[in-house]
Amino acid sequence: MVKPLNRREFLGATVAGATLLLNSCKSTPEAKPAVARTSPHDVIQVALVGYGEEGKVLLESLLNIEGVRVVALCDIWEYHRNEGLRYLQKLGNDVRGYEDFEDMLSKEKGLQTAVIATPDFVHAPMTNASLKAGLHVYCEKMMSNTIEGARSMVQTMRETGRLLQIGHQRRSNPRYLFTLNRLLREAQFCGRVTAAQAQWNRAVKEDFGFPKKYEIPAAQLAKYGYKDMHQFRNWRWYKGLGGGPLSDLGAHQIDIFNWWLGTPTSVIASGGLDYYKNHDWYDNAMVIYEYPMAQGVARAFYQVQTTTSAGGGYFETFMGDDGTIKMSEDPSLCAIYREARATGVSWDDLAQKGYVRLNQSATDDASKVDVRETAQLAEYDIPVFFNKPPHQPHLENFFNAMRGTARLNCPADEAFSSEYVIHKANEAIEAQKKLIITPEEVKA
Amino acid sequence: MYAAQVAQAAFDRVDDLESRLSRFRPQSEIQCIARLLPGQSLRLSEDTFDCLTLARKMEQATRQAFSPTPAALQSQATLPGWSLSPADLSIRCEHGLVNFDLGAIGKGFALDRLAALLRQWECPSFLLIAGGSSIIAGDTPDGFDGWSCGLGDEGAPHRLLLNNASLSGSGVAVKGNHILNPRTGGSAHRQSRAWALCDVAAESDALSTAAMVLPEPELTDVLASEPTWLVLVEDDSQIRTIGKHPVTL
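Residue numbers (our numbering), protein chains in the order written: chain A, -3 to 440; chain B, 32 to 280.
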């Protein structure tokens, strides 16, 4: 008989178990350095590079993590840089601000790590320089706006022996880890996975602007690779700087496809720049990957729309002949469904193991023997919740790896395969044909 | 173009605040606080910390007629205990379940944040409305005496001219008897409408709710120590003021 766990025990056990199981699945563990130079008790000195939208999100998580201190903040925009410095200083941090990344790297001798949240096109040069300077690096996705740039980051990681974690934060999300390891793999909840679907749709919105008094001089913008202030603020839309919505939004979710299903063998896609007239990248895309599974092909459809928020938010759905798992960073969107034919494992068995949780309110009426309206159907959900910002577990995993107490959940060489197939989707749109992806080309 | 981008920045700011302060978002900081056990702490973003700091101030100033946990007594014997630490922007659950409902201060707080954003974008002349119940006015446009705002239904005869001020209203005419008295867990005292005029929208938002809850002698006493606050109440379609702040209707 399975001994029921209470929620607290259960969470601790499953998250630890999930981590071990995931680590055992890593394809080339010898290629990933996991031993760092910090002792478990050292305060890790961090440089936060880029204090835009993503940098602000990461800082909120960094501030929650014990033994980590942001000592340098770099951003070419004084407006953002000063805001970050004010916030950090308010919290008692002795932090220095830099406009120029190279300047920061040359002056900050006590740094142990760089957390990079800049536009994609400077990820590779900044990451490579940081690794060569002896720092461990947490770099936001996409790794780079080019496949070559991403490949160079893996190469530098290997040459330097430093850690390079890519910011696919769902890979450290306890709910994703639990669902992958317990429900999908161990309990075979979906049975044979035949299809997957994911989306991230956003409503139309204005391009980012800027307060006039904080406009960056043209010469300074040119020095850092931007044509003008509009391009600087909206770099995600421009070729040469970012990768468009497929890389901006799709990267997270296509990475989940790869994490859970392996590497695709082909991609076919359609998309276009049909709505916005002042951008470079497609404003909509629909992509189908083919994943070779043990029992046959699973096709995964991904769509990203920037002209409508329809479709129920952002999620990834894995569909099989026994059941379906719908995942999202938003726990209210997560769901699990079983097919009527799935008889191998009962809901009760799964609930007793703590792998699913019965929504009690839906079953209260069902136990009463009187006649009235039809009772609510029994509902089950995924019993994992964590009281942290979504990025915090991934950053914690990174710092734990620096301390030698964990392995990275998304080292650059693993992230590269996702990176590669996302770039291939953009390529497939342009080529207007199905592209074959070989196992060799997705390896860095 | 610039105005559209300012507006977009403001709407993005609202989305950001909503994601932190809404009790309907499972990952909001307010919901994370609701999961704290006694003795546990949580570091907060600056926005959430500042909003709760204002909520605590208004709770004390209104003698708990406003509370960020207005429904607590419906499920707990006492109001929950919580403390804020400015040094690290954290909150600690002292006792009970800290189920915040910022419905009587959040909109005003968001308006204050948006007003600051607009001034940063060098757009000091504005009128912002949140949900029809709170308004914040910036500088008066050239050639006018102020932003004309009515009290009550459309076409209301009583109007105020606002200049760098905030006006909030509470009442039971639209949503029924929904205002709770945090001190009892029951319904609010007043059965008509009340408005609050302050410099800070978070304060006017909370004060208008407190004005629905407080018996008038106590409300008068509260306002006696806050010269920048004014409450307007509706009695038999007549509006009268309570407080020291001078205003002409």
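For every residue, glycine included, the Cβ atom is placed at its ideal position computed from N, Cα and C. Keep in mind that this is a model prediction, so the values were computed, not measured.
query: Assuming Leu159(B) contacts Leu142(B) under a Cβ cut-off of 8 Å, what Cβ separation, rounded to an integer in Å, is found between them?; result: 5 Å
query: Shortest alpha-carbon distance to Ile72(A) belongs to which of Leu54(A), Asp90(A) and Glu95(A)?; result: Glu95(A)
query: Which residues in chain B sit within 9 Å of Asn60(A), going by Cβ to Cβ distance?; result: Leu73 and Arg74
query: Would you decide whether Pro0(A) is buried or exposed? Buried here means 16 or more other CB atoms lie within 10 Å of its CB.; result: Residue confidence is low: Pro0(A) scores 36 on pLDDT, short of 50, so the model does not pin down where it sits. No coordinate-derived value is stated.
query: Can you give, in chain order, each stretch of the alpha helix (DSSP H) that sits fully within the region 183 to 223 of chain A and has at least 4 residues?; result: 214 to 219
query: Going by the beta-carbon positions, is the gap between Ile166(B) and Leu145(B) smaller than 8 Å?; result: no
query: Measure from the C-beta of Gln151(B) to each C-beta in chain A and report whether the shortest distance is under 8 Å.; result: yes
query: Of the choices Trp233(A), Ala331(A), Tyr376(A) and Ile252(A), whose alpha-carbon is the least far from that of Asp244(A)?; result: Trp233(A)
query: Does Ser324(A) get closer than 8 Å to chain B when you measure Cβ to Cβ?; result: no
query: Give a yes or no on whether the minimum CB-CB distance between Asn383(A) and chain B is below 8 Å.; result: yes
query: Apply the 10 Å Cβ neighbour rule to Asn355(A) and answer buried if 16 or more other Cβ atoms are within range, or exposed otherwise.; result: exposed
query: Do we get a CB-CB distance below 8 Å when we pair Glu56(A) with the residues of chain B?; result: yes
query: Which same chain residues end up closer than 6 Å to Phe140(B) when comparing Cβ atoms and leaving out the 5 residues on each side of it in sequence?; result: Cys82 and Ala233
query: What is the rounded straight-line gap between the Cα of Trp256(A) and the Cα of Gly309(A)?; result: 21 Å
query: Go through the region 85 to 150 of chain B residue by residue and report every complete run of the alpha helix (DSSP H) that reaches 4 residues or more, in order.; result: none
query: Measure the C-alpha to C-alpha separation of Leu261(B) and Val253(B) and round it to an integer number of angstroms.; result: 11 Å
query: Is there a Cβ of chain D sitting closer than 8 Å to that of Val129(B), yes or no?; result: This model lacks chain D altogether; the protein chains it does include are A and B.
query: Would you mind giving the Cβ-Cβ distance between Gln95(B) and Arg214(B), rounded to the nearest angstrom? I have them listed as a contact below 8 Å.; result: 5 Å
query: Are the beta-carbon atoms of Asn405(A) and Arg167(A) separated by less than 8 Å?; result: yes
query: Report yes or no: is there a C-beta of chain A within less than 8 Å of the C-beta of Cys124(B)?; result: no
query: Output, in sequence order along the chain, the residues in the region 190 to 222 of chain A whose CB is closer than 8 Å to any CB in chain B.; result: Lys201, Glu202, Asp203, Phe204, Gly205, Phe206, Pro207, Lys208 and Lys209
query: Do Ala192(A) and Glu444(A) have their beta-carbon atoms positioned less than 8 Å apart in this structure?; result: As displayed, chain A neither begins before -3 nor continues past 440, which places residue 444(A) out of reach and without an answer.
query: Alpha carbon to alpha carbon, how far is Ala34(B) from Gly177(B)? Give it in angstroms, no decimals.; result: 21 Å
query: Buried or exposed, going by whether 16 or more other CB atoms sit within 10 Å of the CB of Ile112(A)?; result: buried
query: Between Leu180(A) and Tyr351(A), what straight-line distance do the alpha-carbon atoms span, to the nearest angstrom?; result: 11 Å
query: Should Asp119(B) be flagged as near chain A, meaning a C-beta pair shorter than 8 Å?; result: yes
query: Between Glu182(A), Ile332(A), Ala331(A) and Tyr285(A), which lies nearest to Val417(A) when the distance is taken from Cα to Cα?; result: Tyr285(A)
query: To the nearest angstrom, how far is it from the Cα of His209(B) to the Cα of Ala241(B)?; result: 13 Å
query: Can the beta-carbon of Ala331(A) be found less than 8 Å from the beta-carbon of Lys322(A)?; result: yes
query: Helix, strand or coil: how does DSSP classify Trp152(B) here?; result: coil
query: Using a C-beta to C-beta distance shorter than 7 Å, which residues of chain A count as neighbours of Cys63(B)?; result: Asn383
query: Any idea if Asp78(B) is buried or exposed, counting beta-carbon neighbours within 10 angstroms, 16 or more meaning buried?; result: buried
query: Excluding sequence positions up to five away, which residues of its chain have a Cβ less than 8 Å from the Cβ of Ala306(A)?; result: Asn197
query: Tell me whether the beta-carbon of Ile425(A) lies closer than 8 Å to the beta-carbon of Ala290(A).; result: no
query: My parser needs the alpha helix (DSSP H) runs of 4 or more residues fully inside the region 39 to 79 of chain A; what are they?; result: 49 to 58
query: Are Leu101(A) and His132(A) closer than 8 Å when you measure CB to CB?; result: no
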